[in-house]
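As structure tokens, the structure follows; a few thoughts come after it.
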Amino acid sequence: MTKYTPMMQQYLEIKSQHPDTLLFFRLGDFYEMFFNDAEVASRELEIVLTARDGGDAGKVPMCGVPHHSAHTYIAKLISRGYRVAICEQVEDPREAKGLVKREVVRIITPGTVLEDNMLSETSANYLAAVYTGDEAAGLAFVDVSTGEFKICQWQGKNALNQIYTELLRLNPSECLMAEDQPTLWMEEQSYLTNLPIVTAEFPTSFNTACQVLLNHFKVATLESFGIDNSYDLAVFAAAAILDYLEKTCQANLHHLRTISIHHDEQYLHMDIATRRNLELTSTIRDGKREGSLLSILDYCCTAMGRRRLKNWIELPLRDLSAIQARHDAVQELKDNLQLRSDLRRALSEVYDMERLAGKIGSQMATPRDLIALKQSLKKTETVKELLQGTSSNLLINISKLDALAEVYELIAKSINDAPPLSVKEGDIIKDGYSSEIDELRVITNQGSDWLVEYENREKERTGIKYLKVAYNKVFGYYIEVSKSNLHLVPADYHRKQTLVNTERFISDELKQYEERILGARERLYNLEYAEFCRIREELIDYLPRLQNTAEHMAVLDVLVSLAEAAYNNNYVRPVMDKSGIIDARAVRHPVVEKYLADSRFVPNDVKLNQEEARFAIITGPNMGGKSTYMRQTALMVVMAQMGSFVAADYARIGLVDRVFTRVGAADDLSAGQSTFMVEMVEVANILNNATADSLIILDEIGRGTSTYDGLSLAQAVTEYIVNHIKARTLFATHYHELTQLEENLPGVINLSVSVQESGDSVIFLKRVLPGRADRSYGVHVAQLAGVKKEVIDRAQEILRDLETKSVVRPLEVLEQPSLFAAEDPITQELRRINPDELTPREALALIYKWKDGIS
């Protein structure tokens, strides 16, 4: 058995307790990593890999980072999905007998970080947990940086689909799963292939899970949170999260003071495909924020406001009065330029109060964090004053927010306005707050005066003109003399250090001073740190009020942002009701209109209801604007129900419960699905879940199979939606035969995108008008795309030939096998005959005939 050095044995013992982490092992002023951890860290952090004596094992791999800059390196590792265990020296090396005692004080994981440099300002950082049962699924999620903690649970065959959708929205940094829980259901969803699953311990019984929550929240029953047995799986998940946090954070999480139920039915439902297709918070192309709806609406002044805006976009409301309350506030702010400007000015000086509360709750707040909180509370008082006299209910409610005057006063009188980064080097507590600190501070300050006086006295006594008295952490106080003056050094100087050009000495008098002053300084630093910790702990009692104020400030920031967006982008307030009508004039795509370089966006009207015009079939050329028209209609609904004004001249919107989009498709090879299969899965989801209050966007159905299969499917889907679901629907198609449905299927109307022909060229006018299109102009689009001229000429020749024929059956369609098997002749004949009209001889003859046919 290999024998290691005592220190290396200590490292290996601690590492064995945390095998799935990179262990940052404190050695003096550095965090060191050894063995495989060192090789991984060296590669990921691009730092030098060295070696250290390990005992009989010889040299072992080692690398290290300075403790004062470790947060930068840790952030890089966390961003790449690693977990980092911080192992500190938990006793003073000067007092240690033998090996310094070390312990892991915290495990930093992607879902549990609290440091600003490891968090995105604009997105929540969720830790999720999933627990599934028989046709049921529970989900819990927490943002440790802010204290948000919620659960939800679904029953029935659609439960897992609900989990997919919610996980996509949350985009958690970690997702906890029990070891005995199957993960195949996640692997089937290509959107979730990158979900960082962490195997964790879950409670063994519902009672145990409940007890974990009861103990944390210090309550007698979960019913005070609205939680009962119907949320059993979600309670398992929530308990697993608390257990995981206890093992990783190893700190009190006072800011996790409540848990609430995420009621899915309160929000406009959008499935995975819809959220991606509408590019609400990120683009499909590169997943970036720029080019999304969020980037257009974001005029927020605070980080917590930006996160809240993202949440509103992802979760539009279904409650009419709540939507109208948001619209009232946005209207008032839009109409009052001075108020809006003053509020933006005040909000721009407000720090991230939600995450400051999280740091206080976990007792990780620094003196600078408390100063940031003080400044934010000062601006909170300004906001209160500005909102006096407002008339909309939301703004009136926000105007009553709590500015926490006691907290402001406590910080103002106790913490220096410009404290240092370190909490253990003094200069934190203000003069006059603590008499004991003041006394020690006088002693240390007088020491500085004594040093100046001593230096001048020694220069005069020794005749050494360039004698200097100084201090450093390694050697303490010393007298520095250049080598040219060594002959003047008195006998009572004792050599301390030799440098290239100077010698350093200590005298008995300076040594006595050092012991006295360093003792006082150390006591001062320790006392200041202890007093700061006491003040920080005192703030815990104010956390509920602080979190409530932070929430109000975030909501105000979003309302001001939406008002600013409405003013700058010429948005109009939508009329909201429960009529089932969508009637809007001059609707624009809020993102596309911002990115058009040389041309003006062409707005279009949209009119749908639940009666005679509930299903619009849209025909016309590619690049004509069909997809943009449909997307902008869906975005208008999302914007209206999240509380925003909309990009139109007028809009009346009957509440929508769900938005579905089947827009574009690509092969999902990782899941073994073709383009056509992906399309059919999305169509099936719509047919199974849409209601009469839904909005459905269909951009082509039936591609990827034969023309007749595709056409028959498209017509069947149309008929089912019109006759059974009766949802408001926009359907873009190249099957022009479907336009005939307007004549015999009540509820269907035709729309087309207009073009202007000029010789062999066409101009796409981007106008959507009533009526059907007679051509698709595909060859013209190919020409615009740069297809070779000889190919275009040949295509036009073939097109003219095909258009002169009464029946068009392109060769490639005939060669493609049908998706639906043709009915066999025996079945066809059975359908035609009436058994009651057959004699026994005729029936027997038919049987022999069919048998001969089979043979």
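Positions in the sequence shown are counted from 1; adding 5 to them yields our numbering.
Backbone N, C-alpha and C fix where the C-beta goes; we use that ideal spot for every residue, glycine too.
Residue 410 lies in the alpha helix (DSSP H); which residues open and close that run? From DSSP, the alpha helix (DSSP H) with residue 410 extends over 410 to 419.
Using 8 Å as the threshold, is the C-beta distance between residue 70 and residue 35 below it? Yes, these two residues count as a Cβ contact at 8 Å.
Taking the alpha-carbon of residue 880 as reference, which of 584, 606 and 792 has the nearest alpha-carbon? An answer regarding residue 880 cannot be provided, because it is not within the stretch 6 to 860 covered by the chain.
Assign residue 215 to buried or exposed, taking buried as 16 or more other Cβ atoms, counted over all protein chains shown, within 10 Å of its Cβ. If you draw a 10 Å sphere on the C-beta of residue 215, you find 16 or more other C-beta atoms in it, and that means buried.
Please indicate yes or no: does the CB of residue 69 lie closer than 7 Å to some heavy atom of the ligand FAD? This structure does not include the ligand FAD; it has no bound ligands of any sort.
Please state if the CB of residue 109 and the CB of residue 92 are separated by a distance shorter than 8 Å. Contact flag set, yes.
Taking all protein chains shown into account, do 16 or more other C-beta atoms lie within 10 angstroms of the C-beta of residue 565, making it buried, or fewer, making it exposed? Under a 10 Å Cβ-count criterion, residue 565 is classified as buried, with 16 or more other Cβ atoms of the shown protein chains found around its own Cβ.
Anyone know if the C-beta pair for residue 575 and residue 772 falls short of 8 Å? Not a contact, by the Cβ cut-off of 8 Å.
With DSSP as the reference, label residue 821 as helix, strand or coil. With a pLDDT of 38 at residue 821, under the threshold of 50, the modelled position of that residue is not reliable, and the figure given next carries that caveat. Reduced to three states, the DSSP call for residue 821 is coil.
What do you reckon, are the CB atoms on residue 208 and residue 180 nearer than 8 Å? Contact: no.
What three-state label does DSSP hand residue 814 in the structure shown? Confidence at residue 814 is low in this model, with a pLDDT of 38, below 50, so its placement is unreliable and the value that follows should be read with caution. Look at residue 814 here: in three-state DSSP terms it is coil, with no helix or strand label.
Three-state secondary structure (DSSP) of residue 366: DSSP places residue 366 in the helix class (H, G or I) of the three-state scheme.
Using 10 angstroms around the beta-carbon of residue 744, count the other beta-carbons present and answer buried if the total reaches 16, otherwise exposed. By the Cβ neighbour-count rule, residue 744 is buried, with 16 or more other Cβ atoms within 10 Å of its own.
Suppose you measure from the CA of residue 672 to the CA of residue 284; what does that come to, to the nearest Å? Bear in mind that a pLDDT of 39 at residue 672, under 50, signals an unreliable position, so the model cannot answer this.
Would you kindly report the start and end of the unbroken alpha helix (DSSP H) that includes residue 343? Start and end: 342 to 352.
Proximal residues to residue 535 (C-beta, below 7 Å), its chain only, five neighbours per side dropped: The beta carbon of residue 535 is closer than 7 Å to none in its chain, skipping five residues each way along the sequence.
For residue 154, the residue or residues it bridges with in DSSP: Partner(s): 147.
Restricting to Cα atoms, I'd like to know which of 555, 476, 303 and 533 is closest to residue 520. The shortest Cα separation from residue 520 among 555, 476, 303 and 533 belongs to 476.
Could you tell me if residue 934 is buried or exposed, where buried requires 16 or more neighbouring beta carbons within 10 angstroms of its beta carbon? The question about residue 934 has no answer here: the residues shown for the chain are numbered 6 through 860.
Assign residue 569 to one of two classes, buried (16 or more other C-beta atoms within 10 Å of its C-beta) or exposed (fewer than that). Under the 10 Å beta carbon count, residue 569 is surrounded by 16 or more other beta carbons and is classified as buried.
Jot down the residue ranges of each uninterrupted beta strand (DSSP E) in the region 34 to 105, minimum 3 residues, whole runs only, in chain order. As summarised for the region 34 to 105, the continuous beta strand (DSSP E) elements at least 3 residues long and confined to that stretch are 35 to 39, 55 to 58, 64 to 71 and 89 to 94, given in chain order.
Check whether the region 258 to 278 touches the region 651 to 666, taking contact to mean three or more Cβ pairs, one atom from each stretch, closer than 8 Å. Enough Cβ pairs lie closer than 8 Å, so yes.
Taking the Cβ atom as the reference point for each residue, do residue 315 and residue 279 lie within a distance shorter than 8 Å? Judged by beta-carbon spacing, residue 279 lies beyond the 8 Å limit of residue 315, meaning their Cβ atoms are not closer than that value.
Taking 7 Å as the limit between beta carbons, can you name the residues of its chain near residue 633, skipping five residues before and five after? Hits under 7 Å: 594 and 597.
With C-beta atoms as the reference, is residue 87 less than 8 Å away from residue 17? With respect to the 8 Å criterion, residue 87 and residue 17 are not classified as neighbours on the basis of their beta carbons.
Assign residue 260 to buried or exposed, taking buried as 16 or more other Cβ atoms, counted over all protein chains shown, within 10 Å of its Cβ. Buried: at least 16 other Cβ atoms inside 10 Å.
Output the distance between the C-alpha atoms of residue 142 and residue 239, rounded to the nearest integer angstrom. So the alpha carbons of these two residues sit roughly 8 Å apart.
In whole angstroms, what separates the C-alpha of residue 453 from that of residue 76? Approximately 34 Å between the Cα atoms of the pair.
Within a Cβ cutoff of 7 Å, which residues of the same chain sit near residue 320, ignoring the five residues on either side of it in sequence? Closer than 7 Å at Cβ, skipping near neighbours: 272.
Simplified DSSP assignment, three categories, for residue 207: If DSSP states are grouped into helix, strand and coil, residue 207 belongs with coil.
What number of angstroms, rounded off, separates the C-alpha of residue 818 from the C-alpha of residue 694? Low confidence applies here, because residue 818 scores a pLDDT of 31, under 50, leaving its location unreliable; read the following figure in that light. Cα-Cα distance, rounded: 33 Å.
Assuming residue 511 and residue 483 form a contact by the criterion Cβ under 8 Å, report the distance between their Cβ atoms to the nearest whole angstrom. Rounded to the nearest angstrom, the Cβ distance from residue 511 to residue 483 is 6 Å, consistent with a contact under 8 Å.
Hey, could you find the ends of the alpha helix (DSSP H) residue 538 is sitting in? Here the alpha helix (DSSP H) through residue 538 covers 513 to 543.
My output table needs one value for residue 306: the three-state DSSP class, helix, strand or coil. DSSP, read as helix, strand or coil, puts residue 306 in coil.
Checking 8 Å against the spacing of the C-beta atoms, do residue 367 and residue 254 come in under that value? Taking 8 Å as the Cβ cut-off, residue 367 and residue 254 qualify as a contacting pair.
Own chain partners of residue 354 with C-beta closer than 6 Å, once the 5 adjacent residues on each side are dropped: Excluding residues within five positions, the ones whose Cβ falls inside 6 Å are 384.
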